[in-house]
Amino acid sequence: MGTLIRVLGFSLGLTLVFSLVANLLPQVEGEAPKDEVIDMDSLDMDGFVSFGEAVFAGKGTCTLCHNDMGRAPDLLNMDVVKASQDRLEDHRYVGQASSVEEYLRESLVAPGEYVVVGFGKKGSNDSESPMPKVDAAPIQLSEFEIDSIVAYLQAKDGHEVTVALPTLPEEEESLTQPVAVPAAPVAAATAEQALAQYGCSACHSVLSTESPVGPDLRDVGSRLSAAQIRQSIIDPMAVIAEGYPPIMPTSLVDQMMVSELELLVNFLSNQTQ
Amino acid sequence: MKPNHHPEGYAEIGQQWARRAFNTMFWAMLMMLVLGMLGIASEYTSMGSAWAAEEAVNLSAGAPEIQTVDYPKIGFSSRSVVWIAAQMHLFFAAFVLAVPLFVVVIEWIGVKSGDERYDDMAHEFMKVSMTAYSITALFGGLLAFALFLLYPHFMGYMTRVFDTQMLWYALLFFAESAILYIYYYSWQALRYGNRKWVHLSFGIGLNVVGTSLLFIANAWATFMMAPSGIDMASGAVTGNIWEIMRGPLWNPVNLHRFIANIAFGGAVVGAYAGYKLLSAKTLSERAHYDWMGYTSNFIAVLAFLPLPFAGYWLMAEIYAYSQQMGITAMGGILAWLFIVQAVLIGTILLASNYYLWSGMSRTEGSLRYQWMIKYIAVVLVLGFLVWVTPHTLILRASEVAALGGSHHHLLGPLGIMPAKNIAVNLMLIATFLSFQLYRRSDKQVTVSWAAWGNAFIVAIYLIAILNIIFAGIYYGYFTNTVYKVGSSVTQVVSTLVVIVAGVLIDSFMFKKAKILPSVWGQVSNRSQYALFALPVAFTWLMALMGYVRSSVRTHWHVYSVVKDNSVDNYIPAIGYAGNMMTIVTVLFLLCILFIFWIASLSNTKQIPPIKSEGH
Amino acid sequence: MMQRQKGNRLIMWIVAIGITVVFFYGLNQFIMSAQGLPLNLDLTPAQ
């Protein structure tokens, strides 16, 4: 009996050690893309570009490969428009595009047309692209989403956006993460109003709602200083909380009024639950 | 009258031919039976689909579009139910497929060497496996019912795709059961001479059928990950059953599971041996189970060594099929999992090495190798530390600011694959060295070319290690991605060269070697716990890899064909998954204890009561 | 006598290591080119 207890105890103990290791690591859930409604009437170019940025990091799953690890061109850290112009002039280019916008769109829906040197499939001598077609399964981006990504890639380095803003009224559009609701003309009077106005609870757990997308704000005051909270709102890409996707809208700095910003910073600094 | 000077000579030759013929015939017959069944299945499949098309009721040719409301609800997470049922079934299926594989080999060694102990041990292993066979079927039934109840539309699609192949799978179990019962129960009846070869043929047949079952079931899982034989846009079946089964991931999974099953089976019977040794009452019992434990560990380690290569092939095929799927597994949301895997494999390597070192105390010839153990231990620990180093660190915003970035400038480079490949390959070589030293411990080599042989072995170890380090550092950090990835193949082959060369050279060097005496049974009790650590780690590791395999499909039942719209269509966080793995591991441990107990119970005889006299 | 034995031993080691180095060099060349990743004579990437 003693043997049985010792053996069982040892085996259970070891199992629990493994369980403990799994529970100590950053806990991230892989959400499936959700369908949401987008308000076409109030959509402006800034919102469209932000939306494209969100798709780039979210449903498009672009950042899986397009990062600094060397698998695919590091789009976020290079001037995409300039690179596209260079590629169009490359003697190896045999695609159908004649403008940067067409090149970008072609790269998304027909990535095999032209493979940048050094990024082809192993053994294919850069003749086959490992990139999937984004308008087919499993990514299945819509026309709207593809256009928004092109717009984002043009806008992010300060170039002119040549993509036309979609104006046709659409019944529904799919997007991964909800876009921040555009600013109301009147300044919010309380932090709670500001939170509601800028749709923070869509991604963050705050007040009485919960969301797993972004860091929990109900105790943010004990993690970040007021200056860090302010920076997170003004420049969300400066520091990304570990384990979270870099998808917080960067347009709040343009939309929010200073009074609303200070209301939020004060409120969140006191969230130390 | 024909002169017959050696009547027994002719009879013996006749017997030899009889047994060879029987052996070959039986094997060929079974192979043909299995292949024939699968071949017929393909015929019927194409016919079956034609018949199905004539029915007009609700049979869309393509994949179903399942809405969230379509999923049946039982008040309990459907995914958890299927998760547990599937994982338990896979544990036991792996075990009952593995045991006959090494039992037949041990039985054959018994015939070749004439040593009865091998035959007895083989028989004892089979006894343990018999109860497990029933439990496999029980969980299989539970899994099937759970799948059809909770995911009817998905299963409707799968049955439409795989058609009669599923029926053949079920029918094959009749062959499996029949051969299994014959193999086990005829053990003493077909014990010697010609009959023994017949018995071995049944063993081979059992393995052929078992492997066929494994390959058929693997096709379902790999189809879900990388579908083939269908129109990708609509999901409609366009190919025959072979095209459906032979997707890009089928053979990598076949190879990986075949080898991994053997390692897992060896680990589990090792736990049986360890447990029996600790509860042994006599010295001869201890000796018997010490030897059994050594054999089991031998099997587990031998099968474990090529496993990373099979896993590597699988990952490479996943990357080739869909770079996105590959990166999701190892560079995206599931990346941390492979750090947990490092912990588990570190446990496995340390435990099996420790057991080998403890075992070296059985012979005096081990003393000349003792000095190497500490270096092997250092390599293992360092390798483990490098392997477990993550690329992305768990940091708070303030820590990122202090560090000057999200990656450590020293540890960051250790967190990527080139460093880990160096670590893994060196750990495998170190483990093989422990193995080789143990095998040499009880032998005194007598061949004339021993010095040359040893020189080559040392040279191969040295140059292979240097090659692995060179390939990892140069191609890993100083060339582009495709060369970096390609160099890992050279590393892996270098390790394989060490293993193959070591085994080959040693097998020739040991010819006519003087065998030093081994003392069985006096090994420390502490070392037996290594035999428990092995199956626990293996079991948890299997569950972990199952979690990866399922999650890599993200929100798809059948990747990019049948979307998962259930409430559980997200990848669960690793903590939750870890808890599920612990649940199934504990469940498995309890079932295994039950199985060991049943095996002992069948040997227990109650003493009949003494009848009182004169009343 | 001892000198000759030691000399023989040295030759043995040099030969063993030499053959092994050549073998692994050839292995590297073969495996990389089989994957469509040819190497130069000094083992640097040729593409």
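Which chain is which? The protein sequence lines are A, B and C, in order. Reminder that position 242 of the first sequence reads as 1559 in the working numbering, one-by-one numbering, no gaps. Reminder that position 559 of the second sequence reads as 561 in the working numbering, one-by-one numbering, no gaps. Reminder that position 15 of the third sequence reads as 59 in the working numbering, one-by-one numbering, no gaps. Here a beta-carbon is modelled for each residue, glycine too, at the ideal position from N, C-alpha and C.
Express the C-alpha separation of residue 1564 of chain A and residue 1537 of chain A in angstroms, rounding to a whole number.
18 Å
Whose CA, out of A:1320, A:1329, A:1318, A:1322, lies closest to the CA of residue 591 of chain B?
A:1329
Contact set for residue 60 of chain B: own chain, Cβ-Cβ below 6 Å, skip 5 residues either direction:
Because the pLDDT of residue 60 of chain B is 32, which lies under 50, any placement of that residue in the model is unreliable, and the number read from its coordinates should be weighed accordingly. Taken in chain order, the list of residues that qualify is empty.
Where residue 310 of chain B sits in the DSSP three-state scheme:
helix
What residue does the beta strand (DSSP E) around residue 560 of chain B start on, and which one ends it?
558–560
7 Å Cβ cut-off: residues of chain A touching residue 71 of chain C
Per Cβ cutoff of 7 Å: no residues; residue 71 of chain C is ~18 Å from chain A at best.
The alpha helix (DSSP H) that contains residue 388 of chain B, what's its start and end?
372–390
Can you tell me whether residue 193 of chain B is buried or exposed? The criterion is at least 16 other CB atoms within 10 Å of its CB, across all chains shown.
exposed
Locate the alpha helix (DSSP H) running through residue 593 of chain B, then write down its first and last residues.
576–603
Within its chain, find whatever has a CB closer than 8 Å to the CB of residue 1341 of chain A; leave out the 5 residues flanking it on each side and keep chain order.
none
Spell out the partners DSSP gives residue 517 of chain B in its beta bridges.
B:445
Separation of residue 275 of chain B from residue 247 of chain B, as counted between CA atoms
39 Å
Hey, how far is the Cα of residue 63 of chain C from the Cα of residue 436 of chain B?
25 Å
Let's test the definition: count the other Cβ atoms within 10 Å of the Cβ of residue 82 of chain C and tell me whether it reaches 16, buried, or not, exposed.
exposed
Under 7 Å between C-beta atoms, does residue 469 of chain B make it to chain C?
yes
Measuring only the C-alpha atoms, how far is residue 58 of chain C from residue 297 of chain B?
38 Å
C-alpha distance - residue 87 of chain C paired with residue 128 of chain B, whole-angstrom precision:
51 Å
Beta-carbon separation of residue 1432 of chain A and residue 1446 of chain A under 7 Å?
yes
Per DSSP, what are the beta-bridge partners of residue 1347 of chain A in this structure?
B:573
Given residue 335 of chain B as reference, the closest of B:610, B:574, B:259, B:605 once Cα atoms are compared:
B:574
In chain B, which residues lie less than 8 Å from residue 1371 of chain A when you measure between Cβ atoms?
The premise fails here: residue 1371 of chain A is roughly 17 Å from chain B at the closest Cβ pair, so nothing lies under 8 Å.
Beta-carbon neighbours of residue 360 of chain B, restricted to chain A and to distances below 7 Å
The premise fails here: residue 360 of chain B is roughly 16 Å from chain A at the closest Cβ pair, so nothing lies under 7 Å.
Classify residue 1438 of chain A as helix, strand or coil using the three-state DSSP reduction.
coil
Using the three-state DSSP reduction, which class does residue 327 of chain B fall into: helix, strand or coil?
helix
Would you tell me roughly how many angstroms separate the C-alpha atoms of residue 301 of chain B and residue 1430 of chain A, rounded to the nearest one?
50 Å
Using Cβ-Cβ distances below 8 Å, what residues of the region 436–458 of chain B are close to chain C?
453, 454, 457, 458
Alpha carbon to alpha carbon, how far is residue 322 of chain B from residue 185 of chain B? Give it in angstroms, no decimals.
42 Å
Label residue 1322 of chain A either buried or exposed according to how many other C-beta atoms from any shown protein chain fall within 10 Å of its C-beta, with 16 as the threshold for buried.
exposed
May I have a chain-ordered list of the alpha helix (DSSP H) segments no shorter than 4 residues that lie completely inside the region 518–554 of chain B?
527–553
For residue 581 of chain B, which residues in chain A fall below 7 Å Cβ to Cβ?
1336
Three-state secondary structure assigned by DSSP to residue 1372 of chain A:
helix
Would a check of beta-carbon distances place residue 542 of chain B closer than 7 Å to chain A?
yes
If you draw a straight line from the C-alpha of residue 527 of chain B to the C-alpha of residue 597 of chain B, how long is it?
23 Å
Using 8 Å as the cut-off, can you tell me whether the region 579–588 of chain B makes contact with the region 538–549 of chain B, which would need three or more C-beta pairs spanning the two stretches below that distance?
yes
Residues near residue 510 of chain B by beta carbon distance below 8 Å, same chain, minus five either side
449, 455
Run the CB neighbour count on residue 299 of chain B, radius 10 Å, all protein chains shown included, and call it buried at 16 or more, exposed below.
buried
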